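Asker: Below is the structure I would like to discuss, written out as structure tokens.
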Amino acid sequence: MDQLDPSTQIKIDIETRFLPQQSDPESHRFVFSYNITITNEYSQAVQLLSRRWVVTDGNEHVQEIEGEGVVGEQPLIQPNSSYQYTSGTVLATRVGSMFGHYTMETAEGERFNAPIPAFTLAQPNALH
Numbered sequence: 001m002d003q004l005d006p007s008t009q010i011k012i013d014i015e016t017r018f019l020p021q022q023s024d025p026e027s028h029r030f031v032f033s034y035n036i037t038i039t040n041e042y043s044q045a046v047q048l049l050s051r052r053w054v055v056t057d058g059n060e061h062v063q064e065i066e067g068e069g070v071v072g073e074q075p076l077i078q079p080n081s082s083y084q085y086t087s088g089t090v091l092a093t094r095v096g097s098m099f100g101h102y103t104m105e106t107a108e109g110e111r112f113n114a115p116i117p118a119f120t121l122a123q124p125n126a127l128h
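Mapping to UniProt numbering: the sequence shown position 21 is 21, numbers consecutive.
The following block contains the structure:
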């Protein structure tokens, strides 16, 4: 029996929010939060070891962020279960985007990258 590629079995859903109370447009500070749900549709548990983000603002300034885990954790996600967390980023423009990947490891020790699809960060009414 063919084993499915684990990277295709990790589903990532993203919800974003602009945080006006933490932003200061006159200082070119636009704060966004993002809530991420990682669902493991693979046949075995996977552990999130690290993350890599590519953040691009409206001026095409690119920032790469790498680090262990997410929000200080390296969660073990059981089959058919989800892990959810909220984090944030600060941009110098009203609009930007993010994408990246999580490095994960199966219970059998196989490491793989689960792609995080690109998503837009935008102050309300910044996009028409």
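The beta-carbon is built from N, C-alpha and C at its ideal position, and this holds for glycine as well.
Bear in mind that the values here come from a model prediction, so they are computed numbers and not experimental data.
Taking the straight line between their C-alpha atoms, what separation do you get for Pro-117 and Gly-96?
Answerer: Roughly 14 Å between the two C-alpha positions.
Asker: How about Ile-38 and Ile-65: do their beta carbons lie closer than 8 Å?
Answerer: Result no, Cβ atoms of Ile-38 and Ile-65 do not sit closer than 8 Å.
Asker: Look at Gln-47 and Val-55 and say whether their C-beta atoms are less than 8 Å apart.
Answerer: Not closer than 8 Å, so no.
Asker: Specify the secondary structure class of Gln-22 as computed by DSSP and reduced to three states.
Answerer: Three-state result, Gln-22: helix.
Asker: Using 8 Å as the threshold, is the stretch 66–74 in touch with the stretch 20–29, meaning 3 or more CB pairs across them?
Answerer: With a cut-off of 8 Å, the stretch 20–29 and the stretch 66–74 do not count as touching, because too few Cβ pairs lie within range.
Asker: Per DSSP, what kind of secondary structure is Thr-8 in: helix, strand or coil?
Answerer: Residue state, collapsed to three classes: helix.
Asker: Taking Asp-13 as the reference, which of Ser-50, Ser-82, Glu-110 has the closest Cα?
Answerer: Among Ser-50, Ser-82, Glu-110, the Cα nearest to that of Asp-13 belongs to Ser-82.
Asker: In the DSSP output, what is Val-90 paired with across the bridge?
Answerer: Answer is Val-31, bridged to Val-90.
Asker: What is the C-beta distance between Asn-59 and Thr-93, in whole angstroms, given that I count them as a contact (C-beta under 8 Å)?
Answerer: The pair is a contact, with the Cβ atoms about 6 Å apart (cut-off 8 Å).
Asker: Any idea what DSSP makes of Gly-69, helix, strand or coil?
Answerer: Looking at Gly-69 - three-state DSSP - the assignment turns out to be coil, as it is neither helix nor strand.
Asker: Considering Pro-115, what are the terminal residues of the beta strand (DSSP E) in which it resides?
Answerer: Pro-115 -> beta strand (DSSP E) spans 111–122.
Asker: If you follow the beta strand (DSSP E) that His-101 is in, where does it begin and where does it stop?
Answerer: Its beta strand (DSSP E) spans residues 95–106.
Asker: Could you give the first and the last residue of the continuous beta strand (DSSP E) run that contains residue 129?
Answerer: Residue 129 is absent from the structure shown; the chain starts at 1 and stops at 128.
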